Amino acid sequence: GQQVMQIPQYQHVQEGEDFTTYCNSSTTLSNIQWYKQRPGGHPVFLIQLVKSGEVKKQKRLTFQFGEAKKNSSLHITATQTTDVGTYFCATSGTYKYIFGTGTRLKVLA
Amino acid sequence: SAVISQKPSRDICQRGTSLTIQCQVDSQVTMMFWYRQQPGQSLTLIATANQGSEATYESGFVIDKFPISRPNLTFSTLTVSNMSPEDSSIYLCSVRGGDQPQHFGDGTRLSIL
Chain A
146 GQQVMQIPQY QHVQEGEDFT TYCNSSTTLS NIQWYKQRPG GHPVFLIQLV KSGEVKKQKR
206 LTFQFGEAKK NSSLHITATQ TTDVGTYFCA TSGTYKYIFG TGTRLKVLA
Chain B
54 SAVISQKPSR DICQRGTSLT IQCQVDSQVT MMFWYRQQPG QSLTLIATAN QGSEATYESG
114 FVIDKFPISR PNLTFSTLTV SNMSPEDSSI YLCSVRGGDQ PQHFGDGTRL SIL
């Protein structure tokens with residue numbers, strides 16, 4: 146079945162450094178969503194991208210959908226301790242979602 | 054977005070017993086899903102809860118082990134049957150309505166002794 150891989154699996158950064166996680170698929174994706182899960186919490190929806198080459202920004206977060214719609218990235222500028230958590234990408238078909246493997250981010254103060 | 058109430062939030066159970074998890078939404082939603090998230094892992098879809106009919110299970114999950122009910126458009130239950138330590142996990146319900154993105158309940162943290 147369809148798989149969505151994320152890299153890196155883990156990332157430790159110093160507060161103030163930038164962070165990027167990448168989401169890759171071997172097949173073309175109709176859309177991509179990004180979720181954040183804080184330690185002990187549940188996944189929280191951040192954004193959805195649907196168009197080839199689409200770029201969206203939320204404050205310090207920049208989301209990008211690749212031109213071929215097979216990959217996506219989430220970039221955080223100047224990380225803060227509140228950015229700690231696991232970031233998942235996901236793609237949805239007609240009725241269900243497939244989640245990426247996730248990137249766990251630790252921010253060192 | 055929809056407000057999702059999931060109960061219980063956590064439980065510790067004896068092996069061989071069963072636990073039913075409830076998911077209540079404050080508005081009617083088209084799709085309801087049940088996921089399992091093992092420690093440090095991603096989310097794995099167990100099944101799609103269909104209103105008024107049998108749930109649609111993903112590969113590796115069967116109705117005898119994870120019976121699901123969805124009597125209406127705002128409520129669903131997932132039962133984890135005949136539990137073993139391998140069932141220790143977080144179980145999450147989620148909902149999706151129309152073009153809206155998927156939203157999750159707080160999850161049920163289940164430990165089996």
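Top line first, the protein sequences correspond to chains A and B.
Residue numbering for the first sequence follows this note's numbering, beginning at 146 and increasing consecutively.
Residue numbering for the second sequence follows this note's numbering, beginning at 54 and increasing consecutively.
Note that the Cβ used here is the ideal one computed from N, Cα and C, for glycine as well.
No experiment lies behind these values; they were computed from the predicted model shown.
* **Among Ser-237(A), Lys-251(A), Leu-191(A) and Ala-254(A), the one whose alpha carbon lies nearest that of Thr-172(A)** => By 1-based counting over the first sequence, the position of residue 172(A) is 27. Nearest option by C-alpha distance: Ser-237(A).
* Which word fits Ala-213(A), buried or exposed, when buried means at least 16 other C-beta atoms lie within 10 angstroms of its C-beta? -> Here residue 213(A) refers to the residue found at position 68 of the first sequence. It counts as exposed.
* Which residue from Thr-127(B), Met-136(B), Gln-90(B) and Gln-91(B) puts its Cα closest to that of Phe-119(B)? -> By one-based count along the second sequence, residue 119(B) stands at place 66. Considering only alpha carbons, the answer is Met-136(B).
* To do: Could you work out which residues of chain B lie near Gly-245(A), taking near to mean beta carbons separated by less than 8 angstroms?
  => Residue 245(A) sits at position 100 when you count from the first residue of the first sequence. Near Gly-245(A) (Cβ distances below 8 angstroms), the residues of chain B are Ser-95.
* Asked: Nearest chain A C-beta to Gly-158(B) closer than 9 angstroms, yes or no?
  -> Indexing the second sequence from 1 puts residue 158(B) at position 105. Yes, contact with chain A.
* Asked: Between the beta-carbon of Leu-253(A) and the beta-carbon of Val-158(A), is there less than 9 angstroms?
  -> Counting from one through the first sequence, the residue named residue 253(A) turns up at place 108. Counting from one through the first sequence, the residue named residue 158(A) turns up at place 13. Closer than 9 angstroms, so yes.
* Asked: What distance in whole Å lies between the Cβ atoms of Ile-57(B) and Cys-76(B), which are believed to be in contact at a cut-off of 8 angstroms?
  -> The residue labelled residue 76(B) in the question sits at position 23 within the second sequence. The residue labelled residue 57(B) in the question sits at position 4 within the second sequence. The Cβ separation is near 7 angstroms, so the contact holds.
* Other residues of its chain near Ser-175(A): CB distance less than 6 angstroms, five sequence neighbours each side excluded -> Position 30 of the first sequence, counting from 1, holds the residue named residue 175(A). For Ser-175(A), where only same-chain residues beyond five positions count, there are no Cβ hits under 6 angstroms.
* May I ask which residues mark the beginning and end of the beta strand (DSSP E) holding Leu-131(B)? => Taking the first residue of the second sequence as position 1, residue 131(B) is located at position 78. First-last of the beta strand (DSSP E) with Leu-131(B): 128-133.
* Asked: Does DSSP put Pro-138(B) in a helix, a strand or coil?
  -> As a first step, residue 138(B) is located in the second sequence; it is residue number 85 there, counting from the start. It is helical.
* Asked: Which one of Ser-147(B), Leu-72(B), Ser-142(B) and Gly-93(B) has the shortest CA to CA distance from Asn-103(B)?
  -> As a working mapping, residue 103(B) is identified with position 50 in the second sequence. Comparing Cα positions, the closest option is Ser-147(B).
* Asked: Which runs of the beta strand (DSSP E) spanning at least 3 residues fall entirely within the region 155-225 of chain A, listed in chain order?
  -> 155-159, 164-170, 177-182, 189-194, 200-203, 206-210 and 216-221
* Asked: Can you name the residues that DSSP bridges to Phe-157(B)?
  -> For the purposes of this step, residue 157(B) is taken as the residue at position 104 of the second sequence. Ser-147(B), per the DSSP bridge assignment.
* To do: For Val-229(A), collect the residues of the same chain with a Cβ closer than 8 angstroms to its Cβ; drop the 5 residues on either side in sequence, then sort them by chain order.
  => Residue mapping note: residue 229(A) aligns to position 84 of the first sequence, counting from 1. Closer than 8 angstroms at Cβ, skipping near neighbours: Arg-183, Pro-184, Leu-250, Lys-251 and Val-252.
* Looking only at its own chain, which residues have a Cβ that is under 6 angstroms from the Cβ of Met-84(B), when we skip the five neighbours before and after it? -> Counting from one through the second sequence, the residue named residue 84(B) turns up at place 31. The residues are Arg-149.
* I think Gln-151(A) touches Thr-248(A), with their Cβ atoms under 8 angstroms apart; what is that distance to the nearest whole Å? -> In the first sequence, counting from the first residue as 1, residue 151(A) sits at position 6. In the first sequence, counting from the first residue as 1, residue 248(A) sits at position 103. That belief holds up - the Cβ atoms of Gln-151(A) and Thr-248(A) are roughly 5 angstroms apart, short of 8 angstroms.
* Closest by CA to Ile-110(B), which one among Cys-234(A), Gln-156(A), Tyr-240(A) and Ile-177(A)? -> Against the second sequence, residue 110(B) aligns to sequence position 57. It should be noted that the sequence gives Tyr, not Ile, for residue 110(B). Of the candidates Cys-234(A), Gln-156(A), Tyr-240(A) and Ile-177(A), the one whose C-alpha sits nearest the C-alpha of Tyr-110(B) is Tyr-240(A).
* Listing by chain order, which chain A residues have their CB less than 8 angstroms from the CB of Phe-86(B)? -> Position 33 of the second sequence, counted from the first residue, corresponds to residue 86(B). Those within 8 angstroms of Phe-86(B) in chain A are Lys-241 and Tyr-242.
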